[in-house]
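Novice:
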Amino acid sequence: MSSSTSYDLVFLGAGCASLSLLVRLANAGYLSDKKVLVYERSAKTLNDRTWCFWEKGEGYFEEVVHHTWDTVGFYSQEFSSDLSLAPYRYKMIRGIDFYRYCMGVLEKFPQVEFRYEEVSSLDSIKQLAPIVFSSLYDPADKDPKATHLLQHFKGRVVETAQDFFDPGKATLMDFRVDQGHGTTFAYVLPLTTRKALVEYTLFTDRLLTTEQYDQGLDEYMDRFLKIGSHKVIEEEFGVIPMTGQSFPFYRNGMYQIGTAGGQTKASSGYTFQFIQKRSDLIAQALLSGKSLQDLPTDAARFMFYDRVLLDVLAKGYWPGDRVFSRLFARNPVQRVFAFLDNESALGEELKLIASLPTLPFMRAAMGVIFN
Ligand SMILES: Cc1cc2nc3c(=O)[nH]c(=O)nc-3n(C[C@H](O)[C@H](O)[C@H](O)COP(=O)(O)OP(=O)(O)OC[C@H]3O[C@@H](n4cnc5c(N)ncnc54)[C@H](O)[C@@H]3O)c2cc1C
Numbered sequence: 025m026s027s028s029t030s031y032d033l034v035f036l037g038a039g040c041a042s043l044s045l046l047v048r049l050a051n052a053g054y055l056s057d058k059k060v061l062v063y064e065r066s067a068k069t070l071n072d073r074t075w076c077f078w079e080k081g082e083g084y085f086e087e088v089v090h091h092t093w094d095t096v097g098f099y100s101q102e103f104s105s106d107l108s109l110a111p112y113r114y115k116m117i118r119g120i121d122f123y124r125y126c127m128g129v130l131e132k133f134p135q136v137e138f139r140y141e142e143v144s145s146l147d148s149i150k151q152l153a154p155i156v157f158s159s160l161y162d163p164a165d166k167d168p169k170a171t172h173l174l175q176h177f178k179g180r181v182v183e184t185a186q187d188f189f190d191p192g193k194a195t196l197m198d199f200r201v202d203q204g205h206g207t208t209f210a211y212v213l214p215l216t217t218r219k220a221l222v223e224y225t226l227f228t229d230r231l232l233t234t235e236q237y238d239q240g241l242d243e244y245m246d247r248f249l250k251i252g253s254h255k256v257i258e259e260e261f262g263v264i265p266m267t268g269q270s271f272p273f274y275r276n277g278m279y280q281i282g283t284a285g286g287q288t289k290a291s292s293g294y295t296f297q298f299i300q301k302r303s304d305l306i307a308q309a310l311l312s313g314k315s316l317q318d319l320p321t322d323a324a325r326f327m328f329y330d331r332v333l334l335d336v337l338a339k340g341y342w343p344g345d346r347v348f349s350r351l352f353a354r355n356p357v358q359r360v361f362a363f364l365d366n367e368s369a370l371g372e373e374l375k376l377i378a379s380l381p382t383l384p385f386m387r388a389a390m391g392v393i394f395n
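Numbered continuously in this note's numbering, the sequence shown closes out at residue 395.
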């Protein structure tokens with residue numbers, strides 16, 4: 025610890041990104057001789073979100089995985105199929121299980137101090153430690169030149185009186201719902217034969233009213249799921265930014281992590297696995313005494329693809345339901361997943377690109393290049 029500062033590390037926010045990194049550092053022994061301060065505005069005692077993601081084999085937080093699926097369904101007017109995911113599995117982690125697990129690891133380290141208060145002034149906080157990680161994302165801090173969409177969704181955990189669901193198969197995307205608001209789909213994550221999380225999701229530039237989300241969910245459950253009588257046990261609502269803007273890792277004298285650090289995939293909203301990969305890299309750098317400034321980043325072409333796809337959706341060059349239908353109809357799901365993970369090889373990406381219509385994507389690509 026430097027003599028002018030009181031802590032070795034400060035974390036702003038104790039959500040997915042901060043806890044993913046802190047737990048890695050704790051488990052690797054890095055925190056044993058460190059003083060750490062964590063600011064968080066709300067005690068993480070609620071199941072405020074559910075994370076889903078695909079993964080090969082076991083991940084760092086395997087212990088708290090709530091459910092996995094080996095098969096997912098994709099449905100649209102153009103293409104409907106069950107997709108076998110091996111070697112991937114689609115996984116679900118409940119927010120509350122993740123928070124409890126992480127806090128359980130961290131409570132063994134009394135030198136990690138949690139301050140439950142709203143962070144408002146950053147200047148004094150930045151003086152507290154030589155390294156400050158911030159996961160505070162400000163949705164108003166927008167680059168006006170970049171394209172912005174919102175992924176917004178309302179979900180219900182529902183329970184039926186009779187066996188209804190197949191807990192071995194999830195619905196990844198169901199685009200048969202009305203597309204009048206823009207790119208809209210539902211997904212279904214069965215947990216038992218009688219219980220599932222059903223979500224109604226949109227990629228558009230503005231939120232709906234509460235009634236509109238409810239109407240979308242009701243319609244989906246009546247017309248396509250045909251669920252019949254059921255109880256609603258829990259509800260969730262969320263908004264994830266989908267943006268082509270750049271998020272520098274080091275900004276305002278702090279290292280930005282999580283959504284604030286650009287870990288939300290612009291074209292899909294998936295974030296959890298990007299946070300895990302980034303947390304691994306940051307932890308390895310700290311453990312080996314390497315500079316955080318030199319962390320490897322994903323190839324720039326992935327950001328370009330994201331921006332193009334985002335522009336196609338945001339500017340309406342081609343309907344989102346058709347874009348995703350083409351991707352899943354003309355490519356193995358494993359290729360699509362690797363691509364969405366920024367882990368595909370160029371040859372595979374060319375095959376994906378070839379499966380999409382040339383004109384709308386060329387138009388978007390030109391816009392991205394000349395912007
Ligand atoms: C409902 C929901 C569902 C999601 N589902 C998925 C999914 O299925 N798959 C996926 O990959 N991604 C998903 N995401 C996106 C992403 O994974 C999550 O948003 C993830 O939590 C981002 O991690 P983070 O650490 O950046 O932000 P957060 O987890 O939100 O952590 C930020 C923390 O900072 C605290 N904070 C914010 N401002 C202040 C302040 N001024 N002072 C003090 N504390 C503050 C917050 O309370 C919060 O605890 C979802 C997001 C939401 C909202």
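For each residue, glycine too, the CB sits at the ideal point set by N, CA and C.
Which of the three DSSP states is assigned to D365 in this structure?
Specialist: Coil.
Novice: Once DSSP output is grouped into helix, strand and coil, what is the label at A220?
Specialist: Of the three classes helix, strand and coil, the one that applies to A220 here is strand, per DSSP.
Novice: Would you mind sorting K250 into buried or exposed? The rule is 16 or more other CB atoms within 10 Å of its CB.
Specialist: By the 10 Å Cβ count, K250 comes out exposed.
Novice: For R387, which residues of its own chain have a beta-carbon under 7 Å away from its beta-carbon, when the five flanking residues on both sides are left out?
Specialist: Hits under 7 Å: Y341.
Novice: Does DSSP classify I377 as helix, strand or coil?
Specialist: Correct three-state label for I377: helix.
Novice: Where does D121 fall in DSSP's three states?
Specialist: Correct three-state label for D121: helix.
Novice: For P343, which residues in the same chain have their Cβ closer than 8 Å to its Cβ, ignoring the five residues on either side in sequence?
Specialist: Result list for P343: Q203, T207, in chain order.
Novice: Taking the straight line between their C-alpha atoms, what separation do you get for K166 and Q269?
Specialist: Approximately 8 Å between the Cα atoms of the pair.
Novice: Go ahead and pull the three-state DSSP assignment for A397.
Specialist: What is shown of the chain runs 25 to 395, which leaves residue 397 out entirely.
Novice: What separation, rounded to the nearest whole angstrom, lies between the Cα atoms of V136 and D94?
Specialist: Taking the straight line joining both Cα atoms gives about 38 Å.
Novice: When the Cα atoms are used, what is the spatial distance from S26 to V34?
Specialist: Note that S26 has pLDDT 48, beneath the 50 cutoff, so the model's placement of it is unreliable and no number is given.
Novice: Would you kindly check if the distance between the Cβ of G277 and the Cβ of S159 is under 8 Å?
Specialist: The answer is no: Cβ separation not under 8 Å.
Novice: Use the C-beta contact count for K255: other C-beta atoms within 10 angstroms, 16 or more gives buried, fewer gives exposed.
Specialist: The residue in question, K255, is exposed, as its Cβ has fewer than 16 Cβ neighbours within 10 Å.
Novice: Quick one: complete alpha helix (DSSP H) runs, 4+ long, within the stretch 97 to 162?
Specialist: The stretch 97 to 162 contains these whole alpha helix (DSSP H) runs: 119 to 130, 146 to 150.
Novice: Looking at K132: is its Cβ nearer than 8 Å to the Cβ of Y112?
Specialist: Against a cut-off of 8 Å, the Cβ pair of Y112 and K132 comes out as no contact.
Novice: Please classify G179: does DSSP put it in a helix, a strand, or coil?
Specialist: In this structure, G179 counts as strand in the three-state DSSP scheme.
Novice: Does ligand 1 have even one heavy atom less than 7 Å from the beta-carbon of W342?
Specialist: No, since every heavy atom of ligand 1 falls outside the 7 Å radius drawn around the Cβ of W342.
Novice: Taking 7 Å as the cut-off, is the beta-carbon of E367 closer than that to any non-hydrogen atom of ligand 2?
Specialist: By its list of ligands, the structure shown excludes ligand 2, since it contains just ligand 1.
Novice: Return the chain-ordered list of same chain residues with a C-beta closer than 6 Å to the C-beta of K219, the five sequence neighbours on each side being excluded.
Specialist: Closer than 6 Å at Cβ, skipping near neighbours: E183.
Novice: What residue does the beta strand (DSSP E) around E258 start on, and which one ends it?
Specialist: Start and end: 254 to 267.
Novice: Let me check you understand the geometry: is the CB of S42 closer than 7 Å to at least one non-hydrogen atom of ligand 1?
Specialist: Yes.
Novice: Quick check on the burial criterion: 16 or more other C-beta atoms within 10 angstroms. Buried or exposed for R275?
Specialist: So R275 ends up on the exposed side.
Novice: Taking 8 Å as the threshold, find out whether the stretch 43 to 59 comes into contact with the stretch 301 to 316 through three or more Cβ pairs.
Specialist: Yes, they touch.
Novice: Taking DSSP as the reference, what is the three-state secondary structure of P214?
Specialist: Of the three classes helix, strand and coil, the one that applies to P214 here is strand, per DSSP.
Novice: Thinking just about the alpha-carbon of each residue, which of V96, S315, F103 is nearest to the one in A110?
Specialist: The residue with the shortest Cα to Cα distance from A110 is V96.
Novice: Which of helix, strand or coil does DSSP assign to Y63?
Specialist: Here Y63 sits in strand by DSSP.
Novice: Which residues does DSSP list as the beta-bridge partners of A194?
Specialist: Partner(s): V96.
Novice: Can you tell me whether DSSP reads F35 as helix, strand or coil?
Specialist: It is a strand residue.
Novice: Apply the 10 Å Cβ neighbour rule to A153 and answer buried if 16 or more other Cβ atoms are within range, or exposed otherwise.
Specialist: By the 10 Å Cβ count, A153 comes out buried.
Novice: Would the beta-carbon of L213 fall within 8 Å of that of M116?
Specialist: In this structure, M116 lies closer than 8 Å to L213 by Cβ.
Novice: Which residues mark the beginning and the end of the alpha helix (DSSP H) in which K166 is found?
Specialist: Looking at the DSSP string, K166 is not in any alpha helix (DSSP H), and its letter there is neither H nor E.
Novice: Could you pull the DSSP bridge partners for T225 from this structure?
Specialist: T225 pairs with F177, F209.
Novice: Work out the CA separation of L215 and F195 for me, nearest whole Å.
Specialist: According to the sequence provided, residue 195 is Thr. The question's Phe does not apply to it. If you take the alpha carbons of T195 and L215, they lie about 12 Å apart.
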